[in-house]
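> Count along the sequence shown from 1, then add 3; that gives the number in our numbering. Take this structure, written in structure tokens, and hold onto it; I'll ask about it next.
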Amino acid sequence: MTAPRAERPNMPGYGVRGPAEGTGLLPWSWAEERLERSHDYWLATASAGAGPHVMPVWGMWRDGAWWFSSSRGSRKTRNLLDDPRCSIATDDASEPVVMEGTAQLVEDLDELHGVLDLENAKYGTDYGIEMFDPAVNATFRVRPDVVFGLLSSDFTGSPTRWTFT
């Protein structure tokens with residue numbers, strides 16, 4: 004993955020200072036650390052018929068992408084199969100990382116074994132590969148298009164947007 008471009012986001016009405024003021028732009032490593040360590044994530048999807056949908060999920064950051072699985076019949080899976088655009092937010096509102104990207108359904112067993120190993124290590128579970136059986140569950144990889152982060156302790160001086168090209 005190539006390094007993203009960091010910039011100060013345009014946040015009219017919030018008093019956000021320029022990049023040289025406040026904490027300054029946060030490094031990408033700051034965002035990646037939070038994407039890796041977050042225990043829970045908020046996943047936002049949408050569909051033309053049902054509208055927006057937000058649910059808490061477990062997930063893993065691996066190889067520059069966010070991974071999660073869900074039942075094939077779940078609303079979030081149906082939404083992503085219809086429209087793969089989504090947003091993901093970490094669970095710490097005092098140092099949030101919010102990612103926008105496009106979900107890709109992954110059914111390659113080698114990839115799924117790697118994600119399974121990571122999930123078992125992160126969450127202290129002992130799931131077998133049947134957890135990622137493509138006939139029952141859908142596993143998605145979301146590569147970031149845009150990521151946003153900030154420190155609530157420096158709300159006007161830390162906001163950073165990373166863009167990927």
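Ideal Cβ placement from N, Cα and C applies to all residues, glycine included. On a predicted model such as this, the values are computed, not experimentally measured, just so you know.
What are the start and end residues of each continuous beta strand (DSSP E) run of 3 or more residues lying completely inside the segment 47 to 83, in chain order?
If we require 3 residues or more, the beta strand (DSSP E) runs fully inside the segment 47 to 83 come out as 54 to 60, 63 to 65, 68 to 74.
> Who are the Cβ neighbours of Met58 in its own chain at under 6 Å, not counting the five residues just before and after it?
Leu46, Lys79.
> Given a threshold of 16 other Cβ atoms within 10 Å of its Cβ, counted over all protein chains shown, does Arg164 qualify as buried or as exposed?
Buried, since its Cβ has 16 or more Cβ neighbours within 10 Å.
> With a CB to CB cut of under 6 Å and the five nearest residues on each side skipped, what residues in its chain are close to Asp182?
Because residue 182 is not part of the residues shown, which for the chain are 4 to 168, the question remains open.
> Look at the Cβ atom of Pro99, then the Cβ atom of Ala106, and state whether they are nearer than 9 Å.
Cβ distance not < 9 Å, so Pro99 and Ala106 don't count as in contact.
> Check this for me: beta carbons of Asn140 and Arg65, under 9 Å apart or not?
No, the Cβ-Cβ distance between Asn140 and Arg65 is not below 9 Å.
> In this structure, what does DSSP give as the bridge partners for Phe151?
DSSP lists Val101, Arg164 as partners of Phe151.
> If contacts are defined as beta-carbon pairs under 8 Å, then Gly104 and Cys89 qualify, I think. What distance do you get, rounded to the angstrom?
Yes, they are in contact, since the Cβ atoms of Gly104 and Cys89 sit about 7 Å apart, within 8 Å.
> How many whole angstroms separate the CB atoms of Thr142 and Leu115, which I take to be in contact at a CB cut-off of 8 Å?
That pair is a contact at about 6 Å.
> Could you name the residues of the same chain whose beta carbon sits closer than 6 Å to that of Phe2, not counting the 5 residues immediately before and after it, in chain order?
With the chain covering 4 to 168 only, the question about residue 2 has no answer from this structure.
> In chain order, what residues of the same chain have a beta carbon less than 6 Å from the beta carbon of Val19, not counting five sequence neighbours either side?
Taken in chain order, the residues that qualify are Thr159, Pro162.
> Taking Val109 as the reference, give the member of Ala96, Leu121, Phe71, Asp120 with the closest Cα.
Nearest C-alpha to Val109: Phe71.
> Let's test the definition: count the other Cβ atoms within 10 Å of the Cβ of Ala34 and tell me whether it reaches 16, buried, or not, exposed.
Buried: at least 16 other Cβ atoms inside 10 Å.
> Between the C-alpha atoms of Pro137 and Ser156, what's the straight-line distance to the nearest angstrom?
Spanning the two alpha carbons is a distance of roughly 43 Å.
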